[in-house]
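Residue numbering for the sequence shown is 4 to 141, as defined by my numbering.
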Amino acid sequence: MRDLRQHLLLVVDEHGVCVGLATPLDVLTAVAGELPDAGDADPPSASRLPDGGWSLDGRLAVEEVARLLQAPDLRRDYPDATLAGCLLRASGAIPEEGQGMDWRQWRFEVERRVGPRIERVRATRRVEALADELAGPA
4 MRDLRQHLLL VVDEHGVCVG LATPLDVLTA VAGELPDAGD ADPPSASRLP
54 DGGWSLDGRL AVEEVARLLQ APDLRRDYPD ATLAGCLLRA SGAIPEEGQG
104 MDWRQWRFEV ERRVGPRIER VRATRRVEAL ADELAGPA
């Protein structure tokens, strides 16, 4: 224990008799309730939509979003760790469902929010960007 530098609490009764041991996690669980394991969470997901857009988990790393959308400059323009962080930075507040941001040829819109957490984001190509691509070079 000493080598691992873990803390333990000795539990004593009113007579000073040791009746058990507890860890800080035991105390936290007693106060806050059962905590989810880090391995319990589903990994962030992304799915292609029939209209060509994307439904993205807000927890997706910006690098992964940039790769999926073939938009390498996203990481440079938004140095946040996650897509939700990009939306928070762009809006300056926690966006409501349906709100979002335009970035170059993409529109990012909050699909689902639970409390302050942005769970799903819809990414669609902006109409202006599609028109420019179809028109070709000037």
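We put the beta carbon where it would ideally sit given N, CA and C, even for glycine.
- Assigned with DSSP and collapsed to three states, GLY23 falls in strand.
- Annotation: the continuous beta strand (DSSP E) that includes ASP105 extends over 103-106.
- Selection ARG92, VAL113, ASP45 evaluated against TYR81 yields ARG92 as nearest (Cα-Cα).
- Taking every protein chain shown into account, the CB of PRO53 has fewer than 16 other CB atoms within 10 angstroms, so this residue is exposed.
- Contact between ARG115 and ARG129 is ruled out by a C-beta separation of about 21 angstroms, above the 8 angstroms threshold.
- In this structure, DSSP gives ALA69 a helical state, which the three-state scheme calls helix.
- The bridge partners DSSP lists for LEU59 are ALA49, VAL124.
- Taking 8 angstroms as the upper bound for CB-CB distance, SER58 and ARG125 are in contact here, some 6 angstroms apart.
- The distance from the Cβ of LEU72 to that of LEU86 is about 10 angstroms, inconsistent with a contact at the 8 angstroms cut-off.
- Counting other Cβ atoms within 10 Å of its Cβ, VAL20 stays below 16 and is therefore classed as exposed.
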